[in-house]
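Order-wise, the sequence lines are chains C and Y. Sequential numbering from 930 applies to the first sequence in the numbering used here. Sequential numbering from 2 applies to the second sequence in the numbering used here. In this text, a Cβ means the ideal position worked out from N, Cα and C, and glycines have one as well. Working notes, beginning with the structure itself.
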Amino acid sequence: MGIPSYLPGWDPHLLGNIRGDSMDEREKSTVGFLLILPALTILAVLYIYPLVRSIAVSFTTDEGVLTFANYKKVFDLYLKDILYTLFITAITVGITFVISIIISSYLRFKEWKFLDYMYRLPLFIPFLIVGHAMRIFLAPHGTLNSLLTRLLGMKELPGLSGSWVGLVITFVWVMTPFSTLIILGAFRALDDSYIEAAINLGSSKWKVIKDIMIPLTRPSIMVALVLTFVRTISSLTIPLMVGPNKPNMITVDMMFRVNYFRDWGVANALGVISYLIVLGLAVYYLKFMMAERGGLKA
Amino acid sequence: MVVLETRNLKKYYGKVHALDDVSIDVEEGELLAVIGPSGSGKTTFLRSIAGFVKLDAGSIKLHGRDITNLPPEKRNVAMFFQNYALWPHMNVFDNVAYGLKLRKLPKDEIEERVHKILKLLDIEDLVNRKPNQLSGGQQQRVALARAIVVEPELLLLDEPLSNLDAKIRMRIRFEIKALQKRLNLATIYVTHDQEEALSIADKIAIMHLGKVLQVGKPEEVYRNPANFFVADFIGTNSVIIVHGKDGKVQIGNRTFNLPAGSKYARIVVRSDEVTISSEEPKEEKGLTISGKIMGRLYMGSKYRYEIEIEESNDPLFVNSQNIYDVGSEVYVIIPDGSFFVYEV
Ligand SMILES: Nc1ncnc2c1ncn2[C@@H]1O[C@H](COP(=O)(O)OP(=O)(O)O)[C@@H](O)[C@H]1O
Ligand SMILES: [Mg+2]
C-alpha cells in the first residue's frame, strides 16, 4: 500500500533474487554478468558505439586531425537554433503535461468511453501523415483559418503552418496521447480511498488533483515528461514539414548539414550537443528517482 | 436532539438491493453500531451519508439540514476508511492538518489543533513520521485524528479495527468509545463483529440484505431479538431444528404451537447461559432438554460440549465451566430469555 506505481525501471535487485544461495561471491558476479551480457551487447552495438563515433567525428577534421572547428561553427551558426529547440521542446512538454493532466483527471473521475478511445487515436497515425494533415489544417487558407473566418467572422490570420506556434500545436497533438496513457494509468492505479479521504475533508476535485493525485503519481509523471522531451527534441519529420524555415530545430540542421554540405563534422557536433541536453535531463531524472525511492523507503 | 435522520434510503446495484428502505436516526453524542454479515449494505449506508454513493431514493438530514443532494466535500461528516487511506507522501502532521488547511484556518491555530488532537490520541511523538513508518495501530490513530480534528458533525467509522490483531482490537475498542464520549461526537460504527458492537454501542442496528432488521439498545436486541436472523446473529448461539407433529413442536419439558402451514421450529439457544446437570431438575421453569455428551472441547475458561438430543438431528452446542465425561447422560437447563423459538 502507498507506493505509487510507475513504469518499472531495470532493477539490479531482481538479479539478486534469482541467484542461488550456494554460490560464492565470484560465481555470483560471473552469473550476473552473463545474464546481463545480451543486454550489454545490444547497448554497446546500438548505442555506445555510435555515440563514441559521433563524438570522435565531431572533434576531427576530414583528415582525422583533432579540431574544435566544428563546435565553433555550431556556435557561430546554430546557437539560436539550439536555444529555439530548447524553447520549442520545453513549451511542448509544458502544454502536453497540462493537457495530459486534464484528460487523465477527467477520465479518472468520470467514465467517458468516447474520450477514452479518442485521446489515443494520434498514437496510430504516422508522423508523416500528421505533418501533412497539420500543414493543410494550419495553412493560410487551411481548415483552421476558414473555420475561424466563417464561424467567427474573423479576418483571415496569416496561417500557422510555417510558424513555431503551428509546430508546437502539432507536437502537442502527437505527444499528448502517450503522456496521457502513462499518467492516466497511474491515476487509475491510485486507490479510491486516497481521493475520497481528501474530498471527505472538504477538498474540491482540483485540489485533490493538485494535493493528492499528482504528488502520489510523480514518478509516472516524470517518466511521461522525460519521454515527451526526448521524443520532441529528436523529432525530424514534424519540424521539417510543419515548422518555420528559420529558426530550425537541431535535427533539421543536422540533416541539412549532411544532405547539402556532406559536413559530417558539424552534424555530429550538433548531435553531441543534443546528447548532452538529454544527458542533463537523464541525470536530473535519476537524481529525482533516487530521492523518491529513498524518501519512500526511509 | 437528532443529529442524523435517514429516511427510506434505497440503492440498487442492478438486481442487488444494497439499501432497501433504510431509516435510522442518530442522536447527539450517540454511538450507533451497524452490524450485519458481509454484503449486507453497511458500507453502502455509510458511503451514502458521506455522499460517495448516489441514492436511488430517500432523504438524509444532518442537524435538520437536508444534505441528500449535497456533494461530499460540502457535508461536514468525517469518514474513517477501513484501510486508513493515509496519504503516503505526507507526514503525520500534514495528514492531520489537511482538513484544517482546506478550511483556511490561520497557521498557528492549525498547529495548535493538530497538536491537541495528537496529544489526545497519545501519538504526539509521531508528528514527523511518514505513514509507512507507523505500525498498524499508530496508523489507525492518525486516521482517527485526521477525521476528528475538523470537528465534524458526524463521525463515520467503517470497520475501524478489522486490520488490527485481536489483542490490540480489544483495547482500542474501549479507547474509541472513551474518546467518542469525551468529544460527545455522534458516531456510526460499522462492524461485522457482534461482540464488538454489543460492547461499545449505545444503539445497534442489524442489517441483512440491504434491510434494517432491528434497531435498539444492545440489551434490547440481545434479549428481545425481532426475528430469527437477529437472534442467531447476535451472541454465541446454537441453533437446532425441531420438526412438528399435529401442529405442535415438543422439546424437553415444553410444547410450542406451530401456526398453520409451519412444519418445524428453529430454536436459538444462548450457549453461555445454560446449566448442565446430571440430575433431572425439579423446577418446571425454562427449557430442560435431556441428551448425551458426544464431544468436549477445552476453551480455557470453559468447556464446549456437543450434546446429542432425541428431538433434533442437530447437536446442541453449549458451554459450561464444569467438567462432564463424554458419553454421559445429562440435562441441559436453559432459563427463559436464553432461548428463542421461531416457526418455519
Ligand atoms: N459499486 C458497487 N457496484 C455493484 N455492487 C455493489 C457496489 N457496492 C456494493 N455493491 C453490492 O451491494 C451490496 C452491499 O455491499 P456493501 O455495502 O459493501 O456491504 P457490507 O459493507 O455490509 O459488506 C453487496 O451485495 C455488494 O456486492
Ligand atoms: Mg463493508
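- The C-beta distance from A148 of chain Y to L156 of chain Y rounds to 6 Å, short enough to meet the 8 Å contact threshold.
- Put simply, of C:I1024, C:V1003 and C:N999 the residue whose alpha carbon is nearest the alpha carbon of S987 of chain C is C:N999.
- For S1122 of chain C, a Cβ of chain Y is located within less than 8 Å of the residue's own Cβ.
- If you look at M295 of chain Y, you'll find it in the beta strand (DSSP E) that goes L288 to Y299.
- Under the DSSP definition of a beta bridge, E344 of chain Y partners with Y:A266.
- Going by DSSP, D26 of chain Y is part of the beta strand (DSSP E) stretching over D26 to E28.
- Across the structure, N225 of chain Y and T1146 of chain C are spaced so that their CA atoms are roughly 53 Å apart.
- In chain order, P1176 place their CB closer than 8 Å to the CB of K1009 of chain C, counting only its own chain and leaving out the 5 sequence neighbours on each side.
- Two segments are said to touch when three or more pairs of C-beta atoms, one from each, lie closer than 8 Å; by this definition the segment 1158-1167 of chain C does not touch the segment 954-970 of chain C.
- Pairwise C-beta distances place the segment 1044-1063 of chain C out of contact with the segment 3-22 of chain Y, as fewer than three of them are shorter than 8 Å.
- Remark: C-beta atoms of A146 of chain Y and I124 of chain Y approach each other more closely than 8 Å.
- F1056 of chain C sits in a helix when the DSSP states are folded into three classes.
- For Y190 of chain Y, the uninterrupted beta strand (DSSP E) run begins and ends at T188 to T192, by DSSP.
- Shortest gap from the CB of Y190 of chain Y to any heavy atom of ligand 1: 7 Å or more.
- Interface with chain C (8 Å Cβ-Cβ cutoff): R104 of chain Y is included.
- For the C-beta of A1220 of chain C, not a single chain Y residue is nearer than 7 Å; the gap to the nearest is close to 12 Å.
- Looking at C:R1160, C:L1130 and C:G1088, the one whose alpha-carbon comes closest to that of F1107 of chain C is C:R1160.
- Contact of V143 of chain Y with chain C by beta-carbon distance below 7 Å is absent, the smallest such distance being about 12 Å.
- Per the coordinates, the alpha-carbon of S41 of chain Y lies some 12 Å from the alpha-carbon of V23 of chain Y.
- Looking at the DSSP output, T276 of chain Y bridges to Y:I334.
- In the three-state DSSP reduction, N129 of chain Y falls in the coil class, being neither helix nor strand.
- Residues of chain Y whose Cβ lies closer than 9 Å to the Cβ of S1203 of chain C do not exist, since the nearest Cβ in that chain is about 34 Å away.
- At a cut-off of 8 Å between C-beta atoms, H64 of chain Y does not count as an interface residue with respect to chain C.
- Chain-ordered listing is empty here: chain C has no CB closer than 7 Å to the CB of G248 of chain Y, the nearest sitting near 55 Å.
- Along the segment 83-111 of chain Y, going in chain order, the ones with a CB nearer than 7 Å to a CB of chain C are N84, A86, W88, P89, H90, Y99, G100, L103 and R104.
- Those residues placing their Cβ nearer than 6 Å to any heavy atom of ligand 1 are, following chain order, Y:Y14, Y:V17, Y:A19, Y:G37, Y:S39, Y:G40, Y:S41, Y:G42, Y:K43, Y:T44 and Y:T45.
- A heavy atom of ligand 2 is found nearer than 7 Å to the CB of D159 of chain Y.
- If the five residues before and after V240 of chain Y are omitted, its C-beta is found closer than 8 Å to the C-beta atoms of D233, R267, I268, V269, V270 and D315, all from its own chain and listed in chain order.
- Taking 8 Å as the cut-off, the beta carbon of Y325 of chain Y is found closer than this to the beta carbon of I294 of chain Y.
- Contact check between the segment 1022-1041 of chain C and the segment 1049-1063 of chain C: fewer than three CB pairs, one atom from each, fall below 8 Å, which does not count as touching.
- If you draw a straight line from the Cα of E344 of chain Y to the Cα of M2 of chain Y, it comes to about 39 Å.
- At a C-beta separation below 7 Å, P73 of chain Y has these neighbours in chain C: I1128 and N1129.
- Per DSSP, Q181 of chain Y is one residue of the alpha helix (DSSP H) stretching across A167 to L184.
- Proximity of the segment 30-40 of chain Y to the segment 178-193 of chain Y meets the contact definition, three or more beta-carbon pairs being nearer than 8 Å.
- Going by beta carbons, A179 of chain Y and L33 of chain Y fall outside the 8 Å limit.
- DSSP, reduced to helix, strand and coil, places Q140 of chain Y within a helical segment of the structure shown.
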